[in-house]
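Visitor:
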């Protein structure tokens, strides 16, 4: 019992709701299947958890299907070419995840015989796996009572216990409260039930408290502040960085692309050659040409900053190529690449 809430009874209420309302997902072994003895595939659980970081379920479904059709096992993924994986990941964002995916898959094959470790500690030791992913895979794939806390769980717990301290300072307290709720039996189903509750009922705006299985014990609902939680500390304003992108187009339709450095933002991805991204970028054309600025800039927002790119265009001869010393990573694309 904590703050008037009986954790075992609360967990039982949530699991009973999950048994009836669990979302159907291509990577999930549902409660009925688990009750019949089916076990989740750790590879599919891990892959889905990596893809779902900072990304919606709707966006992940198609990527997950393509990945598992092309690389159905962790050994298949470990043997894949880096460029193929990065190309398949294109559009999903947060590209460091794809690089870490390969590092982890190769470590599982090389160091663990192609089998994922079955404990949170063992998973945490793999490259590219952080505390959240290790806990999620341990709970969902191996039924270890690990404490799984994502944004949905933070919201459910903060409302259930009416935690008014703002995030991120309140995160340790929320993890401790979630640990008290996590049952020894069916911890994998419980982790997914918490996620489903936060995604479908205990939503950020207009939570459907009347439909919630935890309506009765919820302290925030009783106090009339459910929609106000969790509170969050104000974020500092994002700075703006600027840059210049150079689009060189040949008569055959090929464009000049370069592979970005393996480390750093968008590492290993193909992109247009360009300047650095800074408050005052220096011009850095990849080859001599008559460059014409596009009429408007391109703007994009990353997690920590806004980017404003001025695009310079040029038609170049068929034999045009950048000086090797100036841009060793730049090369003409195949027409199929520029159309992709």
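In full-length UniProt numbering, the protein residues as written are 1 to 340.
Even glycine gets a Cβ: it sits at the ideal position worked out from N, Cα and C.
The model shown is predicted, which means the values in this text are computed figures rather than measured ones.
#1: Take every Cβ of the region 225-242, pair it with every Cβ of the region 47-64, and state whether three or more of those distances are shorter than 8 Å.
#2: Pull up the distance between the alpha-carbon of residue 155 and that of residue 291, whole angstroms please.
#3: What do you get for residue 170, buried or exposed, if any count of 16 or more other CB atoms within 10 angstroms of its CB means buried?
#4: Apart from the five residues just before and just after residue 210, which ones in its own chain have a Cβ nearer than 8 Å to its Cβ?
#5: Strictly by DSSP, which residues pair up with residue 293?
#6: Skipping 5 residues on each side, what residues in its chain have a beta carbon closer than 7 Å to that of residue 15?
#7: May I ask you to verify whether the region 172-180 touches the region 202-219, counting CB pairs closer than 8 Å and requiring at least 3?
#8: Beta-carbon within less than 6 Å of residue 23's beta-carbon, same chain only, minus the 5 sequence neighbours each way: which residues are those?
#9: Return the Cβ separation of residue 99 and residue 267 in integer angstroms, given the expectation that the two are a contact with Cβ distance under 8 Å.
#10: With DSSP as the reference, identify every bridge partner of residue 241, one or two as the case may be.
#11: Am I right that residue 64 and residue 27 are in contact with their C-beta atoms under 8 Å? What's the rounded C-beta distance?
#12: When you compare the region 291-309 with the region 237-245, are there three or more beta-carbon pairs, one atom per stretch, that lie closer than 8 Å?
#13: Is it buried or exposed for residue 147, if we count other Cβ within 10 angstroms and need 16 for buried?
#14: With three or more C-beta pairs closer than 8 Å as the rule, is the region 66-81 touching the region 105-115?
#15: Would you report the Cα separation of residue 260 and residue 45, rounded to the nearest angstrom?
Guide: Inspection of the coordinates gives the following:
#1: With a cut-off of 8 Å, the region 47-64 and the region 225-242 do not count as touching, because too few Cβ pairs lie within range.
#2: If I take the Cα positions, the gap works out to 51 Å.
#3: Buried.
#4: Cβ neighbours of residue 210 within its own chain (closer than 8 Å, five residues either side excluded): none.
#5: Residue 293 has 312 as its beta-bridge partners, per DSSP.
#6: So the list reads 186, 189, 190, 193, once near-sequence residues are dropped.
#7: Inter-segment contact for the region 172-180 and the region 202-219 is absent: fewer than three beta-carbon pairs are separated by less than 8 Å.
#8: 196.
#9: That pair is a contact at about 6 Å.
#10: For residue 241, which the question treats as bridged, DSSP gives the partners 307.
#11: At roughly 6 Å, the Cβ-Cβ gap stays under 8 Å, so residue 64 and residue 27 are in contact.
#12: Using a Cβ-Cβ distance cut-off of 8 Å, the region 291-309 and the region 237-245 are in contact, since at least three pairs of beta carbons, one from each stretch, lie closer than that value.
#13: Looking at its Cβ environment, which holds 16 or more other Cβ atoms inside 10 Å, residue 147 is buried.
#14: The region 105-115 vs the region 66-81: in contact.
#15: The C-alpha of residue 260 lies about 30 Å from the C-alpha of residue 45.
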